[in-house]
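Engineer: Here you go, one structure.
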Amino acid sequence: MPINREYISNAEARKLHREWAEWCERTGTLWSRLCEKAGYSTSIRGVVFHQNKGMLGQTRDDFQQAIAENPDGIRRPNDVRRDLLSEEDTAVLSGKVAAYLDRTGTSKERFSIAVGRESCGLDRLLINPTRISAASARRYERVMKNHPDGLPVEVEHKPSEAEMIEARRFEAERLRNERFARLNAEHQQRYGKPIGRAVWEMAA
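This is the structure in structure tokens:
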């Protein structure tokens, strides 16, 4: 069959994705399972919601066909569904996090590290929030509760002169051992026996 190259706008694509998300919620289907059945990567949702792009009519047709062929959902025995916040609760959390960062002066990078998420995940929550898992939301809330005045800036450790000397000594020893291992392998291959340590010490 020919590919349906009809272009679907971002607004219409968002509407379709919300309908598919509701179907997944209603039938207990993981988003990854629906994407697998339709033949697409799970990142297709990010293209619509975070890159603000539309999609081809073929994409819509493939997802609609996957849903039509599996009206009761697509499930496997080991599938585990994540509890997701509603869109309204996600928007509220986004506002709380933005206000916290602004009030305390905490950097997004520092906050992301404390929460245990990639900084791009925080950017999505702040810029164009889509539903996140309840577990992720609890981590955000916990960090803000435990650090009401913000997260301290980590001061980069500057090594002492003794530590720098020790580091150089360690690196020299590592390179020396690597060289011995290489020479020993060559000697073993050429003469059928390992190189004598005394010979190596003299060569060093």
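The numbering of the sequence shown is the working numbering, which starts it at 2 and goes up by one. Even glycine gets a Cβ: it sits at the ideal position worked out from N, Cα and C.
1) In angstroms with no decimal places, state the Cα-to-Cα distance between Q190 and I114.
2) Please name the residue, chosen from Y192, R170 and R125, that lies closest to T91 on a Cα-to-Cα basis.
3) What alpha helix (DSSP H) runs, 4 residues minimum, are completely inside the stretch 92-130?
4) Starting from I133, follow the alpha helix (DSSP H) in both directions and report where the run begins and ends.
5) Note down, in chain order, each residue of its chain lying with its Cβ closer than 8 Å to the Cβ of I45, except the 5 sequence neighbours on either side.
6) Buried or exposed: which applies to S87, given that a residue is buried once 16 or more other Cβ atoms fall within 10 Å of its Cβ?
7) Which residue or residues does DSSP assign as beta-bridge partners of I9?
8) If you follow the alpha helix (DSSP H) that G47 is part of, which residue opens it and which one closes it?
9) Return the Cβ separation of R140 and G117 in integer angstroms, given the expectation that the two are a contact with Cβ distance under 8 Å.
10) Which residues mark the beginning and the end of the alpha helix (DSSP H) in which S161 is found?
11) Please check if any C-beta of chain D sits within less than 8 Å of the C-beta of P153.
12) Indicate whether W24 and I68 have their beta-carbon atoms separated by less than 8 Å.
13) Compute the Euclidean distance between the alpha carbons of P72 and E89, then round it to the nearest angstrom.
14) If I follow the unbroken alpha helix (DSSP H) through S33, where does it start and stop?
Structural biologist: Looking at the atomic coordinates:
1) Going from the Cα of Q190 to the Cα of I114 covers about 49 Å.
2) If we check each option's Cα against that of T91, R125 comes out closest.
3) As far as the stretch 92-130 is concerned, its whole alpha helix (DSSP H) runs of at least 4 residues are 109-116 and 120-128.
4) That residue, I133, is in no alpha helix (DSSP H); it is neither H nor E in DSSP.
5) So the qualifying residues of the chain are C36, M56 and T60.
6) Answer is exposed; the Cβ neighbour count stays below 16.
7) DSSP lists M56 as the bridge partner or partners of I9.
8) Looking at the DSSP string, the run of the alpha helix (DSSP H) that includes G47 is I45 to F50.
9) That pair is a contact at about 6 Å.
10) Premise fails: S161 is in no alpha helix (DSSP H) and is neither H nor E.
11) The question asks about chain D, but that chain is absent: this structure has only one protein chain.
12) The answer is yes: Cβ separation under 8 Å.
13) The alpha-carbon atoms of P72 and E89 are separated by roughly 27 Å.
14) Annotation for S33: the continuous alpha helix (DSSP H) segment containing it runs W32 to A39.
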